[in-house]
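Let me begin by presenting the structure, written as C-alpha cells, before commenting on it.
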C-alpha cells in the first residue's frame, strides 16, 4: 500500500470518502493498537486532508459483541473543507451492509448552478401522452408568430431563442401530464412497492439488533436481508426478461 500511495497526489480541491479499513487514533480516539493506519494517516497529512467525520461517531457495527468502529472516513483538503457541512450517520437508512449510511452536504460557492438532471425526473410509465401532445400543439400554435420567424431567420442567436421556446413548451406540457417521480437510488425500472416494504422491514430488524446485540435478533436481521436481496435479484431478472420479450 505504501508503494501505491507514494505516487498518488490529490488535486487542490478534493473530497475523499471510503471504507479505509484502518484503525488509528487520528480518526478514532478509542484505538490503542494502530492497524494499517500509520501509512494512511501519513498520506492524509502529506496531502493536507482534514477529517470531516463527527467526533467519536461509529460507522461500522461488528456482527458479534457490542463493538463498533470508525472505518468509513470523509476527508477534504483545506480549500473545500469548510464547505462540507451536516456530516452525519443516517440512523433511518440501511442498505443491508454492516456499514452505516453517511450523509453530508456540500455548499457550492458559485453564482450559476447547472440544474441537476435528477431534479425533475418524470414517471414516464404513467404519462398521459395524448393530452401531452394536444397541450404541446396548443402552446406551439400560440407561439408560432414568434417561433416560425426565429427558425426562418436561421442565425445561431435566433435558433437558440426558438429552441428555448420549444423547450419551455415541452416542460409546460410535461408538468401538466407527466407526474414527477421522487429521485432516489432505488428509482429503477425493476423497483416495486414490495421491495420498498421489504427494505423497510430489513432496516427495522437491523435497528432492533443494533440496539439489543442479541444473536436471535441478528439471525432475524440476516433472514430479512437475504430475503430482500433475493427479491431484488428476481425482480431484476423479471424486468430484463420483460424487456427482451418486448424489444
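Residue numbers (UniProt numbering): 1 to 247. Glycine included, every Cβ here is placed at the ideal spot set by N, Cα and C.
Rounded to whole angstroms, what is the Cα-Cα separation between residue 97 and residue 18? 14 Å
Which class does residue 60 belong to by DSSP, given the choice of helix, strand or coil? strand
Between the alpha carbons of residue 166 and residue 128, how many angstroms are there, rounded? 19 Å
Beta-carbon proximity check, residue 170 vs residue 214, cutoff 8 Å: no
In whole angstroms, what is the alpha-carbon distance linking residue 209 and residue 131? 51 Å
Please go through the same chain and pick out, in chain order, the residues whose beta-carbon is closer than 6 Å to the beta-carbon of residue 178, but skip the five residues on each side of it. 122 and 127
Please list, in chain order, all residues of the same chain as residue 235 whose beta carbon is under 7 Å from its beta carbon, the five residues on each side excluded. 190, 192 and 195
Helix, strand or coil for residue 231 per DSSP? helix
Among 152, 162, 155 and 156, which has the Cα closest to the Cα of residue 140? 162
Contained beta strand (DSSP E) runs [length at least 3] in the region 151-179, N- to C-terminal order: none
Put residue 191 into one of helix, strand or coil per three-state DSSP. coil
Is residue 20 near the ligand ZN, judged by its Cβ being under 7 Å from some heavy atom? With respect to the ligand ZN, the structure shown offers nothing to examine, as it has no ligands at all.
Whose CA, out of 220, 232 and 211, lies closest to the CA of residue 67? 211
Hey, would you say residue 70 sits closer than 8 Å to residue 53, going by beta carbons? yes
The beta strand (DSSP E) spanning residue 104 covers which residue range? 101-106
Which residue comes first and which comes last in the beta strand (DSSP E) that contains residue 84? 84-90
Would you decide whether residue 173 is buried or exposed? Buried here means 16 or more other CB atoms lie within 10 Å of its CB. buried
For residue 232, count neighbouring Cβ atoms within 10 angstroms of its own Cβ and tell me buried if that reaches 16, exposed if not. buried
Would you check if the distance between the CB atom of residue 102 and the CB atom of residue 79 is smaller than 8 Å? no
With H, G and I counted as helix, E and B as strand and the rest as coil, what does DSSP make of residue 18? strand
Pop quiz: residue 100 and residue 59 are said to be a contact at Cβ under 8 Å. What is the actual Cβ separation, rounded to whole angstroms? 5 Å
Residue 228 versus residue 62: straight-line alpha-carbon distance, rounded: 21 Å
Is residue 239 near residue 221, with beta carbons less than 8 Å apart? no
Residue 144: buried (16+ other C-beta within 10 angstroms of its C-beta) or exposed? exposed
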